[in-house]
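Here the structure comes first, spelled out in structure tokens, and everything after it is commentary.
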Amino acid sequence: MSDKPLVIMPEDIQRIMGKDAQRNNIMAAKTVADVVKTTLGPKGMDKMLVSPTNDIIVTNDGVTILEEMQIEHPAAKMMVEIAKTQESEVGDGTTTAVMIAGKLLENAEKLLDSKIHPTVISKGYRIAAEKSQEILREISVRVTSNDIDLLKQIAMTAMTGKAAESSKEKFAEIIVRAISQINEDGKIDLKNLKIEKSKGDGIEDTELISGIVFDKEKISHDMPTLVRDAKIALLDFAIELKNPEIDTKISISTPEQLHGFLEQEEREIKKMVEKIKSSGANVVFCQKGVDDFASYLFSKEKIYAVRRVARSDMEKLSKATSGKIVSNLNELTSNELGYAGSVEEVKHGEDTFTYVRGCRNPKALTILIHGGTSHFIDEIERAIKDGLGDVSCSLKDGLIVPGGGAVEMELAKRLREFSQGLSGREQLAVEQFASALEFIPITLAENAGMDPIDVLTELKSKHDAGERNAGLNLFTNKIENTLNSRVIEPMRIKSQAISSATDVAVMILRIDDVIASSGNKKDSKSPSASMLGDDY
Ligand code: ADP
Ligand code: MG
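Just so it is clear: in the sequence shown, position 445 is 446 by the working numbering, and no numbers are missing.
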């Protein structure tokens, strides 16, 4: 036998094993949680993110921050996934979820230090998570679609401390009205709701429109600005002759030939327009290009036509007006047309929009956000989406919980009581789980410049005395019944945050070997050396 070591992997493979792997992953997860920590709650700060192309985002939205950060460390990436899951499942609570996961792992490290095996910690965490779901259902409060004021408060809690704060009452009103319009016996599909943004005017001009609004103008000034009783053709082919996809060459040698060719072309376009007109359409929304000559003919026929409509808008328009998107002119008849009470061109500041109101499907809605700058409007949009997410999932489950850390404190207390009945090591894990949840009220206090120890002590004593809704109200900076102070959140934010935070913490804890192939990446640093992407 040779005395060469046995090689089973290529040389450029990075491998970290055992404790090092664990510690390295926990460190990465903690770092991610630390990044978003300062943004939590109404007194949290914002972050400015600058992309490689110098685009700027100012936000305190957890998932947005993490998505933009170009995180590279594999365990840190798993943390980002929690935020994404939270965003898609609930639409809010992304910072909370990431922070709980980070703290679960930080606390697990303490247990690892006292020689408790990762599988025992994982088991304890799983037990605690399951118990938390049970407790959550016990302590949550019912809400129905008739509790309009309560629903508005939920939306407002979601928007407190964000760019939308100054107009949160108005937005809450819009959010609750929008959700109740698309609510079909508890089934709420936020896809029915379109969010459109307009630069110019103030945010207080933000409006809810019954119908679809999209940021396109009619092609020509000579077209009508308003069409009532709109019969809408939705076309996804170009109304022009030269097909840019097919490169044809025509050789023309005499002026007569040119004339003949142009005439021929005009005749073809005329035929297309006549065919559209004969279907009964008085509005044309075309996903592709529309010729100048075609547009001239549409104007003459008093047809409102828009070109290059985004596919996503075409689909929304189709759903809203019950029109069919037609890809072959020969298929177009009156049956394929959509219907709307009116189609109108409306200008706001520099932007021009097409409003399609009174659609066949009354559930088609648009929130048109107005604001001064695009950075600001984008942040308003994120806040409104948080509000929409919170109100819709409150109604889906019909359950809400008191905010300001109240629910986390009550969970922690009951988990500790529950842990008394468990075997020694699992008990320790459940206790660490409980204290991870307390990290939420602690951070809310810290971010508001209050003393976290004082706040935690007071919260604990109130919960011990049976005040299960005691939380930190950051409007008054007092510990009080936050359900009464109307700082309320959907139960699902918490249940989802706890379940995905536990999943990822357990998954990371069970890893004892990281084998990273450097592939053809530009540099092959060890994972620990590139905790965060180089560009950040
Ligand atoms: P997330 O991304 O987790 O939703 P947020 O920055 O939106 O993070 O903060 C949510 C937290 O802020 C929740 O714990 C919520 O209870 C708390 N919160 C919201 N409004 C208040 C308030 N007025 N007083 C105290 N806490 C509040
Ligand atoms: Mg939030």
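From the three backbone atoms N, C-alpha and C, an ideal C-beta is built for every residue, glycine too.
The structure presented is a predicted model; accordingly, all values stated were derived computationally and were not measured.
| How many angstroms separate the CA atom of K111 from the CA atom of S168? | Rounded to whole angstroms, K111 to S168 spans 44 angstroms at the Cα level.
| Start-to-end residues for the alpha helix (DSSP H) that takes in F215 | From DSSP, F215 is part of no alpha helix (DSSP H) but of the beta strand (DSSP E) over 208 to 215.
| message | Taking the straight line between their C-alpha atoms, what separation do you get for E447 and G94? | response | Answer to the nearest angstrom: the Cα atoms are 18 angstroms apart.
| request: Determine the extent of the alpha helix (DSSP H) in which I122 is found, giving its start and end residues. | output: Looking at the DSSP string, the run of the alpha helix (DSSP H) that includes I122 is 119 to 140.
| query | Along the chain, where does the alpha helix (DSSP H) that runs through F440 open and close? | reply | From DSSP, the alpha helix (DSSP H) with F440 extends over 440 to 448.
| Considering only C-alpha positions, which residue in the set T322, L473, D202 is nearest to P600? | With the chain covering 2 to 537 only, the question about residue 600 has no answer from this structure.
| field | Endpoints, the beta strand (DSSP E) within which S328 is located | value | Careful: S328 lies outside any beta strand (DSSP E) and carries neither H nor E.
| request: Name, in chain order, the residues that DSSP records as bridge partners for G201. | output: Note: G201 sits in a beta bridge opposite G372.
| How should F476 be labelled, buried or exposed, when 16 other C-beta atoms within 10 angstroms of its C-beta is the threshold for buried? | Exposed is the call here.
| message | Per the DSSP calculation, S518 is bridged to which residue(s)? | response | BP columns for S518 point to I14.
| message | Quick check: is any heavy atom of the ligand MG less than 7 angstroms from the C-beta of D387? | response | True, at least one ligand heavy atom lies under 7 angstroms from that Cβ.
| Taking Cβ to Cβ, would you say A34 is nearer than 8 angstroms to V99? | Yes, these two residues count as a Cβ contact at 8 angstroms.
| message | Among the candidates A471, I149, D379, whose CA atom is the shortest distance from the CA of T458? | response | Measuring from the Cα of T458, the nearest candidate turns out to be A471.
| query | If you draw a straight line from the alpha carbon of V144 to that of V456, how long is it in whole angstroms? | reply | Those two C-alpha atoms are separated by around 29 angstroms.
| Taking the continuous alpha helix (DSSP H) assigned at A502, which residues delimit it? | If you look at A502, you'll find it in the alpha helix (DSSP H) that goes 492 to 510.
| query | What residues are listed by DSSP as bridge partners for T353? | reply | Its beta-bridge partners are K348.
| field | the segment 197 to 216 contacting the segment 354 to 367, beta-carbon criterion three pairs below 8 angstroms | value | The segment 197 to 216 is in contact with the segment 354 to 367.
| alpha helix (DSSP H) segments (min. 4 residues) lying fully within the segment 281 to 342 | Whole alpha helix (DSSP H) segments, 4+ residues: 293 to 301, 312 to 322.
| field | Exposed unless 16 or more other CB atoms sit within 10 angstroms - verdict on L227 | value | So L227 ends up on the exposed side.
| query | Can you tell which of K278, N283, S279, E266 has the C-alpha that lies nearest to the C-alpha of D292? | reply | Residue nearest to D292 within the set K278, N283, S279, E266 is E266 (criterion: CA-CA distance).
| said: Cutting at 8 angstroms between CB atoms, please list the residues of its own chain near M1, excluding the five before and the five after it. | reply: Nothing in the structure corresponds to residue 1, since the chain is present only between 2 and 537.
| request: With a threshold of 16 other CB atoms inside 10 Å of the CB of L263, please say whether the residue is buried or exposed. | output: Exposed, because fewer than 16 other Cβ atoms sit within 10 Å of the Cβ of L263.
| said: DSSP three-state label for P245, please. | reply: With a pLDDT of 47 at P245, under the threshold of 50, the predicted position of this residue should be treated as unreliable, and no value is reported.
| query | For T39, which residues from the same chain have a beta carbon less than 7 angstroms from its beta carbon, with the 5 sequence-adjacent residues on both sides left out? | reply | The answer, listed in chain order, is G45, M46, N448.
| request: Check whether the Cβ of E166 lies closer than 7 angstroms to any heavy atom of the ligand ADP, and answer yes or no. | output: Answer for E166: no, Cβ out of range of the ligand ADP.
| C-alpha distance - A311 paired with F286, whole-angstrom precision | Each residue's alpha carbon lies about 10 angstroms from the other.
| Chain-order list of residues whose beta-carbon lies under 8 angstroms from that of Q182 (same chain, five-residue window excluded) | If we look at Q182 and ignore the five residues flanking it on each side, its Cβ neighbours are S211, P363, K364, L366.
| query | From this set, M18, K192, I204, I149, which residue's C-alpha is nearest L318's C-alpha? | reply | Among M18, K192, I204, I149, the Cα nearest to that of L318 belongs to K192.
| field | Where the beta strand (DSSP E) containing N482 begins and where it ends | value | Where N482 is concerned, the enclosing beta strand (DSSP E) stretches over 479 to 482.
| Which value, in whole angstroms, describes the spacing of the CA atoms of M157 and I136? | Distance between the alpha carbons of M157 and I136: 25 angstroms.
| task | Use the C-beta contact count for G281: other C-beta atoms within 10 angstroms, 16 or more gives buried, fewer gives exposed. | result | By the neighbour-count rule (16 or more Cβ atoms within 10 Å), G281 is not buried but exposed.
| query | Is it buried or exposed for R16, if we count other Cβ within 10 angstroms and need 16 for buried? | reply | Under this definition R16 is an exposed residue.
| For K78, which residues of its own chain have a beta-carbon under 8 angstroms away from its beta-carbon, when the five flanking residues on both sides are left out? | Once the five neighbours on either side are set aside, the close Cβ partners of K78 are I72.
| task | Please name the residue in S323, R309, T161 whose C-alpha comes closest to that of R1. | result | What the structure shows of the chain is the stretch from 2 to 537, and residue 1 is not part of that stretch, so it cannot be assessed.
| Contact test: D514 Cβ vs the ligand MG heavy atom, cutoff 7 angstroms | No, Cβ of D514 sits at least 7 angstroms from all heavy atoms of the ligand MG.
| Any non-hydrogen atom of the ligand ADP closer than 7 angstroms to D93 Cβ | Taken from the Cβ of D93, at least one heavy atom of the ligand ADP lies inside 7 angstroms.
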